[in-house]
Every structure is written in C-alpha cells, then in structure tokens.
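Q: Each residue of the sequence shown is one higher than the one before, starting from 117 at the first, in the numbering used here.
There's a structure below that I have some questions on.
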Amino acid sequence: MKNRLKVLRAERDWSQGDLAERLGVSRQSVNAIETGKYDPSLPLAFKIARVFGLSIEDIFHDEDA
Numbered sequence: 117m118k119n120r121l122k123v124l125r126a127e128r129d130w131s132q133g134d135l136a137e138r139l140g141v142s143r144q145s146v147n148a149i150e151t152g153k154y155d156p157s158l159p160l161a162f163k164i165a166r167v168f169g170l171s172i173e174d175i176f177h178d179e180d181a
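Set out below in structure tokens:
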C-alpha cells in the first residue's frame with residue numbers, strides 16, 4: 117500500500133521519532149510504514165489520520181487502484 121506519510125511528516129518538520137511518539141509506536145514502525153514494508157493495522161491507520169487531520173484515504177492508497 118502506498119502512502120503520503122513521509123511527505124506529510126516533512127511538511128510539519130517532524131522526525132520519524134516525533135511521529136512515532138505521537139502515535140505511540142516505535143520509530144522503526146514509522147519507517148516501515150513509510151517505506152511500504154509494513155501496512156498499519158486499521159486502528160493505527162485511524163490514529164495516523166487523526167494526527168494529520170485527514171481521512172485514511174487522503175494518506176493511504178492501493179497500489180493497484
């Protein structure tokens with residue numbers, strides 16, 4: 117699954133560690149999501165969307181779509 121996490125994070129001048137702290141996950145988890153090595157659980161996807169004030173669809177999109 118593709119995502120805009122890195123861009124959204126950079127727009128706010130947040131490090132991966134900053135975002136990880138806001139989400140209650142490890143920096144490694146943020147890195148894995150950003151690089152597409154890991155798809156977040158639905159609850160985590162909702163939490164990410166809330167942190168950025170966006171919908172899940174504004175952040176994540178299907179590579180096949």
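Cβ atoms here follow ideal geometry from the backbone N, Cα and C, with glycine treated the same way.
1) Give the DSSP-derived three-state secondary structure of residue 153 in the structure shown.
2) Return the chain-ordered list of same chain residues with a C-beta closer than 8 Å to the C-beta of residue 178, the five sequence neighbours on each side being excluded.
3) How is the alpha helix (DSSP H) around residue 141 delimited, first residue to last?
4) Taking the alpha-carbon positions, what's the residue 126 to residue 149 distance?
5) Report the option in 168, 158 and 161 whose CA atom is closest to the CA atom of residue 130.
A: If we stick to the structure as given:
1) If you number the sequence shown from 1, residue 153 lands on position 37. The answer is coil: DSSP assigns residue 153 none of H, G, I, E or B.
2) As a first step, residue 178 must be located in the sequence shown, where it is residue number 62. So the qualifying residues of the chain are 117 and 118.
3) Counting from one through the sequence shown, the residue named residue 141 turns up at place 25. Taken as a continuous stretch (DSSP letters only), residue 141 belongs to no alpha helix (DSSP H), as it is neither H nor E.
4) In the sequence shown, counting from the first residue as 1, residue 126 sits at position 10. In the sequence shown, counting from the first residue as 1, residue 149 sits at position 33. Looking at the two C-alpha atoms, the distance is approximately 15 Å.
5) Taking the sequence shown and counting its residues from 1, the one referred to as residue 130 is at position 14. Per the Cα distances, 168.
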